[in-house]
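Structure, as structure tokens:
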Amino acid sequence: MRVPWREEDLRGRGLGEAEARDVFERWLAQDRVDRFDLGRPPLLRFALFRLGEERFRLVMTNHHILLDGWSTPLVVRDLFALYERPGEESALPRPTPYRDYLAWYGTRDRGAGVAAWCGVLAGVAEASVLGPVASGGGGVVVPGEVWCEVAEGLTGRLVERGRELGLTLNTLVQGAWGVVLGRLLGRVDVVFGATVAVRPVELAGSESLVGLCINTVPVRVRAGAGVPVSGLLSGLQETQARLSEYQFAGLPEIQAAVGAGARFDTVVIFENYPVAPDAASGALGDSGVTMRASGGRDATHYTLALTVIPGERLQVRWGYRPDVFDRESVEVIAARFVRVLEAIAADPGRLVGRIDVLSGEERGRLEAWGGGAPGVADAGVDVLPGLFEGWVRRDRGAVAVVCEGCEVSYGEVNERANRLARVLVGLGVGPESRVGLVVSRSVEMVVALLAVVKAGGAYVPIDPRYPANRIAFMLDDARPEVVLATSKTAERVPAGDGLRLLVLDDEHTQQLLAQASVTDLTDRDRISPLDPRHPAYVIYTSGSTGIPKGVVVSRGAVEGFLGAVGQRVELGVGDRLLAVTTVSFDIAALEVFLPLVCGAGVVVASDAEVGDPVALAGLVKRWQVSVMQATPTLWQAIVSQAPGMVEGLRVLAGGEALPGQLARRLGELGSQVVNLYGPTECTIWSTAAILDLADEGAPPLGRPLSNTSVYVLDGGLGLVPPGVVGELYVSGSGLARGYAGRAGLTAGRFVACPFAGSGGRMYRTGDLVRWRADGRLEFVGRVDDQVKVRGFRIELGEVESALVSHPQVARAAVVVREDRPGDRGLIGYVVPTAGSRPVATELREFLAGVLPEHMVPSAVVVLERLPLTANGKLDRKALPAPDYTPTPGRAPATPTEELLCGLFAQVLDLPHVPADADFFALGGHSLLAMRLMGRLRADTGARLGMQALFQAPSPARLARLLDDGESSHDFDAVLAIRSEPDTPKLFCVHPASGIGWAYQALAGHAVGSFSLYALQARGLDVSREAAANIDEMADDYVATMRSIQPSGPYKLLGWSFGGLVAHAMAARIEAMGERVDRLFLLDAYPVERQSTEPLWCPSRREVVEDLLRVARNQYDPAADDELWRPPLLETEVSEEHVDGIYRAYQTNLDMMARHTPPVLKGDIILVRAAIPESDARTGDPLDWRPYVEGDIRIVDIDCTHSEMLDTAAANEIGTVVARDVGAREA
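Oh and the sequence shown: position 460 is 460 in full-length UniProt numbering, straight run, nothing missing.
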């Protein structure tokens, strides 16, 4: 077959050598676009260009399927050998035929290879992708290139550092890229590709084989902030070495088996060839031809490809897709990569979080965007009440407040506030004291707020519409000196010891007010002088524990905020602001105080008007309102029902994320739209953005106010680069003092600010944001919006954004519902756009096209409007439960299917159920699953357990299991999870529940490596007596174990309570003269009892939920490889079994509290949960030292105690166990 050959002599075109080179480079660029057709060989072509009398360029272009980087120098070497000695092909070394390589490849165990990669990648939650997902339909994109040369000195230091640590230069390069990639993605667990040479040593001549003998495999780097660089690198190299025998496994197969976590769009290529590409340089024998230089270019479909060429100076070629990155962006990334290499060379003992990838210029830009150094409160400012009183002196008759048709002047409001302030001072109100405010929306409410501020106290606003128990809690927690109410709201104030109630409109109070002076108060009139550090108000917000927490905000913070926000939202004489927010929401302070310190007026909507867009429109028109602040939810209602109200209005939106579609509509109607953001803990608003109609996408949060500094930080509190998601921290004079009476919670959220001087603080918002290229913040989601469904972590905001992107959806909310105990799932709620009628099933189909399956809500409910709280925010608790009435489906086709369809309908309380309907999609949950399987056993005698229902949740699929006659018993003393002939046996002791089902999560790692048995408690059945103590239990289990394995060495494992039993068993075995060569303790520690209080024990309901969680966790319906599916648990879980497990918990925890461990001579492997439980003491490995004479080896797993045998953590533990058991056996 002839190879295409082209010759071009550029001398005859009258071109100089430089011009000829330009022509050549243009041709070369075109040649790169000219793609090969895989159906038309040969996939190779040559071109020879003559640029001058003695200068030529030879171009060899080939498809990658033909040659790899290792092979190319071999071909070039042979090519020039033939050039030197034409016709002497026989003199060339004979290469190994490529078919020999293919034959070797065909003998590889691909299933084992994929399984090995699955274990390493277990727990990676999401794809590591820098660019957008490729559509697959675009044209050819010629990659761009950026070359980066690492200085000779740094290259030498890296080589030397690698030699000291026993690490290859490739490992250092991969570790450095893993750190950079993590910073670019805002994550600590990332995956990228690495190109590896797959040339087996057992194949003779593989080093000289010409062909494609490479593969791209995933590289996982866990670059947590607290991980030492040396530990990261050594772990990376150890993993690579362990996987070297599986580098043949195909990447598509790995990604199909692992899922999204194995997908990436960056790759590292470390060129390490036996023949250097430029080895043929120099004179070519006696031919008179000298080869001066060589070079090559690779095409890549990856977003970013790092090709690293070792040498005295490390060379890095950055290939990139120009449709994703521009050259400048890649140069920035390359510079960060070099900075990480410098950090590794300088100090590999430093923590990963201490590596700064930013340049000084980048850091300076971020700090400038964030507002510079944090400010402090100005002790000389007297905005409240000074500025208000100044406007009174300037124009007493100007209208200050409008409510329910009445206009009240500045002078009258001030006099009424002065009178009330003096009464409050007489009742003991002053700095550091609190005043409860239970007053409906009225002029009296504004007067009361001003009065408390004038007296120097802190107001505690309480919405009279709140439930009685919440009002009682707030008053009991705040302990106010006085509670202000009116005759209409006084009954909402509970009677209590020491609670003084002042009813503003009763006769006694009116007499007190009449006797008080109307003059402004001075520090002489107050109990003590005003100070910016004194509290101005205490706002109660909902707490994650369900207990409201009081945020204490200082006077200085409020005064600084009013001055700063006034620079962004300019108000003056003639402006009127419509106040619609409940006073118990902190943004109400802006609505009341900002107009009054600017000479403007505040129009207070009554309780009856605030939720009625038509009524609000009437207020705007009647009182010529120019500014209004509201939540996006209320703005959406206004735009839908009374759009004319917004015309000419300055719109302030905040309190929740502002949808882009709504922002654009408000911009079309109003004169200006300001998007405001700020937590209550940072005094109302922290950032502001004046929106532009031309802006696409989500509206930005903008830039910080002048009293505020903001930082977007990673897990190590380092600044993240622009475009990268991080957590938002806020500092400055607007920070609250903390949470009233909750020092621990305050310390956890208000943390030391590394960017401020001594004593500087910043608030951890829990909001995920990123810097846009224009220096404005963009909201992404909430840290605590992450929920877990089917083992996947899901950001609810991402699902909501996907719903809102549908053209027929105006607003969306997604929640995790548990309408029946144990049945948690995603439910979506949508409000249609005007004139549209979206169908719920079609919306789910739409989501299925843009989101992973596990992120698609099980139901979507269409609503006319989203319910609101009193604060105008989404009321998630008021969202209705979905209707699970099944859609028409296939009728039952067999008697078994007909029976099951009837049982499903009975248990789910539905009129009928199709044969292909999913039990859980129809509202099934754990308790109903028990009921279904119990009725199935009663009707058929079949012994199918709940695990079977999770595997086959439809009548049709469950019928197939029934017809196959499968049955089992999962409460025996020994559960044989995996029995492999001629393999070591691992015995796992149950946790406090008494059942060992959770250990099935280790089954995939047992395949071909060891047999896996779970020892279960005797007391699960009322007919079997439970052990009296752990020592007796250990004796019993040793006897059971020896009936399966008569002699040692033995291998034991125990989780939590089971670890104590396994330790006691090991000591018994030693005393018998036998050997224990492996003892794994999964987050198990001796209990040091300091009191007689019983240990925590779950409720009966929690026992049921835990049973179902364990059962569902072990089965992955997305897995295709039978190797990874543990045997089914197919026994009915009866009420008696639940009772037995509940008793086991109580008995075992009691034994645990009374147990003193024996002393073990051997070693233990303590597998420790690295993430502490929020409500539990974290164990200390040193607790074991008195009871273990041997070594204590610690292995940390990134999970909590309760997650130890969830899928992700169990895969890591299984890898450790399989490696250790196999290593000792060998």
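Here a beta-carbon is modelled for each residue, glycine too, at the ideal position from N, C-alpha and C.
G498 is classed as exposed because its beta carbon has fewer than 16 other beta carbons within 10 Å across all chains shown.
Beta-bridge partners assigned by DSSP to G738: V552.
Taking 8 Å as the cut-off, the beta carbon of K985 is found no closer than this to the beta carbon of Q906. By the criterion of at least three beta-carbon pairs nearer than 8 Å, the stretch 437-454 is not in contact with the stretch 630-643. Annotation: the stretch 702-756 contains the following complete segments of the alpha helix (DSSP H) (minimum length 4 residues), in chain order: 743-749.
Three or more Cβ pairs closer than 8 Å define a contact, and the stretch 858-871 meets that threshold against the stretch 826-838.
Within the same chain, and ignoring the five residues on either side of P1157 in sequence, the residues whose Cβ sits closer than 7 Å to its Cβ are L1060, H1063, A1064, P1086 and Y1187. Across the set L634, V159, T746 and L777, the C-alpha of L777 shows the shortest separation from the C-alpha of L701. Under the 10 Å beta carbon count, E800 is surrounded by 16 or more other beta carbons and is classified as buried.
The beta carbons of G261 and V221 sit about 13 Å from each other, so the pair does not count as a contact at 8 Å.
Across the structure, S993 and I690 are spaced so that their CA atoms are roughly 57 Å apart. For Q629, DSSP records a beta bridge to L652. Relative to G1179, the option among Y459, C406 and A1084 whose CA is nearest is A1084.
Contact annotation: L577 and V551 have beta-carbon atoms that are not nearer than 8 Å. Non-local C-beta neighbours of A127 in its own chain, meaning closer than 6 Å and more than five positions away in sequence, comprise A260 and R263, ordered along the chain.
One Cα belongs to A688, the other to T489, and the distance between them is close to 36 Å.
Look at D22 here: in three-state DSSP terms it is helix.
For R416, the enclosing alpha helix (DSSP H) starts and ends at Y410 to G426. With a cut-off of 8 Å on Cβ pairs, the stretch 703-719 is in contact with the stretch 553-563, counting three or more such pairs.
C-alpha of A589 to C-alpha of L450: approximately 11 Å in a straight line. Exclusion of the five residues before and after T216 leaves G193, A194, T195, V196, L251 and V267 as the residues of its chain whose Cβ lies within less than 8 Å of its Cβ. Nearest to A1014 by C-alpha distance, out of Y999, A1026, A1027 and A1028, is Y999.
With contacts defined by Cβ atoms closer than 8 Å, F987 and L1052 form a contacting pair.
Boundaries cannot be given for I462, as no beta strand (DSSP E) includes it and DSSP labels it neither H nor E.
I1141 carries a helical assignment under DSSP once its states are collapsed to helix, strand and coil. Here the C-alpha atom of V1216 lies approximately 31 Å from the C-alpha atom of N1029. Residues of the same chain with a CB within less than 6 Å of the CB of L962, apart from the 5 flanking positions on each side, are T896 and A942 in chain order. In chain order, A377, P532, R533, H534, P535, A536, A736 and R737 place their CB closer than 8 Å to the CB of S554, counting only its own chain and leaving out the 5 sequence neighbours on each side. Taking the Cα positions, P911 is about 10 Å away from F904. Secondary structure at W318: strand, using DSSP grouped into helix, strand and coil. Under the criterion of beta carbons closer than 8 Å, W685 and G654 qualify as touching, at roughly 6 Å.
Per the Cβ contact rule, the stretch 565-573 is not in contact with the stretch 357-373 (fewer than 3 Cβ pairs under 8 Å).
In the three-state scheme derived from DSSP, where H, G and I count as helix and E and B as strand, N469 is classed as helix. C406 sits in a strand when the DSSP states are folded into three classes. Taking each of A257, E207, G175 and L203 in turn and checking the Cα distance to P228, the smallest one comes out for G175.
Three or more Cβ pairs closer than 8 Å define a contact, and the stretch 608-618 falls short of that threshold against the stretch 470-478.
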